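Taking it in order: structure first as structure tokens, then the write-up.
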Amino acid sequence: MTDVHAETQDPHEIWELRLYVAGRTPKSIQAFENLKRICEEHLAGRYKIEVVDLLENPRLAKEDQIVAIPTLVRKLPDPIRRVIGDLSNVEKTLVGLQLRPAQGPP
Amino acid sequence: MADVTIDRPGIRKASTGIHGLDEITGGGLPQGRPTLLCGSAGCGKTLLAMEFLVRGATEFGEPGVFFAFEETADELTQNVKSLGFDLAELEAQNKLSLEHIRIERSEIEEAGEFDLDGLFIRLGLAIDTIGAKRVVLDTLETLFAAFTNQAILRSELRRLFRWLKDRGVTAVITAERGDGTLTRQGLEEYVSDCVILLDHRVSDQLSTRRLRVVKYRGTSHGTNEYPFIIDEAGFSVLPLSSIGLDHDVSTERISTGIPRLDAMLAGGIYRGTSVLVSGTAGTGKSSISAHMAAESCRRGERCLYFAFEESRAQILRNMRSIGLDLAPFIEQGLLTIVSARPTVFGLEMHLASMYRHIRDISPKLVIVDPISNFATVGNTVDAQAMLLRLIDLLKSRQTTAVLISLVHGGSATEATDQSISSLIDTWILLRDIELGGERNRGLHVLKSRGTAHSNQVREFLLTSKGVELRDVYVGPEGVLTGTMRTIQETRERAAAEARAREIARKRREVERKRDALEAQITALRSDFTSQESELEQLLAAEEAADRQIRDNRDDMARSRRADEAPLRTTTSPMPSSPRGEPT
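Top line first, the protein sequences correspond to chains A and B.
First residue of the first sequence? That's 1 in this note's numbering, and the numbers climb one at a time after it.
First residue of the second sequence? That's 1001 in this note's numbering, and the numbers climb one at a time after it.
Spelled out as structure tokens, the structure:
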């Protein structure tokens, strides 16, 4: 797995990821753990994960147009990408984050 | 919550404030429960839902939350501005909250299990922020396009409806109509309290909007399809008025504005009755109705004129030509002319629109000019049903109705297209009388319930001073009108004069004869007098002679010493009267 950066050109770019959850539910814990594992594997050392609990900050749900929980948003690099669910499907998560092209499975 | 009516213990209703809908549902939507509003695209779901919220916020003190899945808040605000709803203002007053739920399928990747807590949180926040009592979700079905995992989605929707009930908000959920099902995604499965179906049907190129309450748990409701309209005043649903015959009746007569017509109707028409004015083209139907309108305005009573053939300006101009200026009445707000082509929409829509105008204006007199055009919009049965409803509505409001019917030359004048004569209380028939190379207008009252009306045909003239009724000439030569009548009248006048002269002449002759006779009598009398005197003289002479003879005889007797005759001794010594008889 050396050719994972299908679309990202700058290997030193910092990835800003935000995970929206609603309380500490099993699904949200699962999602966070899955995300962390994927990042470590593919973006080691150049990612930031921010977890937003909408129960504490409900206003952000409207501002960031969140409907489904959990929602992972790639804020950087552009463009914004969204992945929903507990990220248990790694393949789909990678495609969603554009860490892997959708049309060319390995 | 002042306007919540109790239908049955347990069912509380949230008034929609929408004309007609509250009547059909017996007070509104089930309070604290979700209602499903389904219908095909463009049938007015969003507007109905929005009006429900706006009325709730403005009229019933119930703030509302609108979650739009398809339109942005700005688009919505723009769209409903035409209905007179200022959403921005309501939002500023915290009476309304608009929120756009944007879900872009192409931006989202599903990777594992999820739920819709984000939506719940947003709804909860919006409800709590303004203390909303009403919620609209328009339309939830876009979620089905956004997410691939339908099993999760369905269970989340079930949870959503449960949650809405628990929050105690009165919710309206809109959904697209499906093929053979109420909604495309089977949302009716989740919302079981109240289901309202909107329909937008096109037949004969005319569209009609209809509303039906498919289901309303725990309450009785109208099950018919009710036509509705959406216009600048919002939604109006037209409940079928009861086709009962229990309206109040009035004995008050109102004038038609044409004195001789009033006289023909024995004092005018009864208030609150229906009048049909029928006739062929150009017989003056509109002119008569305009007179009635003007008279109503002069009494200070509002009049509503539905013109389906002419524009307002045209009516004003035409009526001015017969000396009737309606413009001041319009300025005073007494007369309202509503012009529309009959074909702009279907019968129900017309009825709904008329209903709304009648309700808004509360006129005392309603004129429909003409009703015959409705037959071109729908079929005759529909048109008749519609007129029945209209007349029924007007009667229940004690509003006098004047319906104008154009009869086509070919058909029998006394058969109206709509066969509505049985609904009509007074029927004024106008017709052409064609004679001697000209057409003239004749008017007669075919029927007038409860009135000893005239049975005569009158000639009907449109003069620069308005409508005038004249007697028609009915004589051995038939009914004469117009010039023929004038000629006949002249002829009659001449004949009458001749007769008068003849009488005078005869009278003079009698005089002369009497004079002659009297002269004759005088002559005869004088003749007789002279003869009489002659005879008297003769008689006197005779008597004198007679006396002389007797004297002589006595003398002779005395000289002969004859015995005195006893009879003679009584001889009167006095002279006799001239006629020899004592008087």
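Cβ atoms here follow ideal geometry from the backbone N, Cα and C, with glycine treated the same way.
The model shown is predicted, which means the values in this text are computed figures rather than measured ones.
Between isoleucine 29 of chain A and chain B, the shortest Cβ-Cβ separation is not below 8 Å. If you ignore the 5 residues before and after glutamate 1468 of chain B, its C-beta comes within less than 7 Å of the C-beta of Leu1461, all in its own chain and listed in chain order. In the three-state DSSP reduction, isoleucine 1367 of chain B falls in the strand class (E or B). Here phenylalanine 1060 of chain B is not near serine 1097 of chain B, since their CB atoms are 8 Å or more apart. Taking the beta carbon of glutamate 1059 of chain B as reference, no residue of chain A falls within 9 Å; the closest one sits roughly 28 Å away. The Cβ atoms of leucine 1116 of chain B and alanine 31 of chain A lie no closer than 8 Å to each other. The distance from the Cβ of leucine 1326 of chain B to that of alanine 1290 of chain B is about 7 Å, consistent with a contact at the 8 Å cut-off. When C-alpha distances from serine 1207 of chain B are compared across B:His1357, B:Ile1018, B:Pro1342, the shortest belongs to B:Pro1342. Between the segment 1029-1040 of chain B and the segment 1169-1178 of chain B there are three or more inter-stretch CB-CB distances shorter than 8 Å, so the stretches are counted as touching. In this chain, alanine 22 of chain A is not harboured by any alpha helix (DSSP H), its DSSP state being neither H nor E. Contact with chain B is absent for leucine 43 of chain A, since none of that chain's Cβ atoms lies less than 8 Å from the residue's Cβ.
DSSP places cysteine 1043 of chain B outside any beta strand (DSSP E), giving it a letter other than H or E. Scanning B:Val1136, B:Asp1369, B:Glu1534, B:Arg1320 for the CA closest to the CA of leucine 1048 of chain B turns up B:Val1136. According to the DSSP assignment, arginine 1507 of chain B belongs to no beta strand (DSSP E) but to the alpha helix (DSSP H) extending over 1482-1560. Interface with chain A (8 Å Cβ-Cβ cutoff): glutamate 1110 of chain B is included. Bridge pairing for asparagine 1224 of chain B: absent [DSSP]. Taken through DSSP and simplified to helix, strand or coil, leucine 1469 of chain B comes out as strand.
Looking only at B:Tyr1270, B:Leu1187, B:Ser1311, B:Trp1427, the smallest Cα-Cα distance to lysine 1285 of chain B is reached by B:Trp1427. By alpha-carbon distance to glutamate 1310 of chain B, the top candidate from B:Asp1551, B:Gln1531, B:Val1368 is B:Val1368. Contact annotation: leucine 1423 of chain B and threonine 1399 of chain B have beta-carbon atoms that are not nearer than 8 Å.
Between the C-alpha atoms of valine 1249 of chain B and isoleucine 1358 of chain B there is a straight-line separation of about 19 Å.
With respect to chain B, the C-beta atom of leucine 76 of chain A has no partner C-beta closer than 8 Å. Neighbours of phenylalanine 1066 of chain B across chain A, judged by C-beta separation under 9 Å, do not exist; the nearest C-beta is about 13 Å away. With a threshold of 8 Å between beta carbons, glutamate 1113 of chain B makes contact with chain A. Straight across, the Cα-Cα distance linking aspartate 53 of chain A with proline 70 of chain A is about 10 Å.
Taking a Cβ-Cβ threshold of 9 Å, none of the residues of chain B is close to tyrosine 47 of chain A; the smallest such distance is about 17 Å. The beta carbon of glutamine 1456 of chain B sits closer than 7 Å to those of His1444, all from its chain and outside the five residues before and after it, given in chain order. Taking CB atoms only, arginine 37 of chain A has no neighbour in chain B less than 8 Å away. Within the same chain, and ignoring the five residues on either side of proline 1363 of chain B in sequence, the residues whose Cβ sits closer than 7 Å to its Cβ are Arg1302, Cys1303, Leu1304, Thr1399.
The beta carbon of aspartate 86 of chain A falls within 8 Å of a beta carbon belonging to chain B, placing the residue at that interface. At a cut-off of 8 Å, the C-beta of leucine 1037 of chain B has no neighbouring C-beta in chain A.
According to the DSSP assignment, aspartate 1074 of chain B belongs to the alpha helix (DSSP H) that extends over 1073-1081. Contact with chain A is found for aspartate 1117 of chain B, since one of that chain's Cβ atoms lies less than 8 Å from the residue's Cβ. Interface annotation, valine 52 of chain A: not in contact with chain B, CB-CB separation never under 8 Å.
In this structure, the straight-line span from the alpha carbon of leucine 1119 of chain B to that of lysine 1395 of chain B is close to 52 Å.
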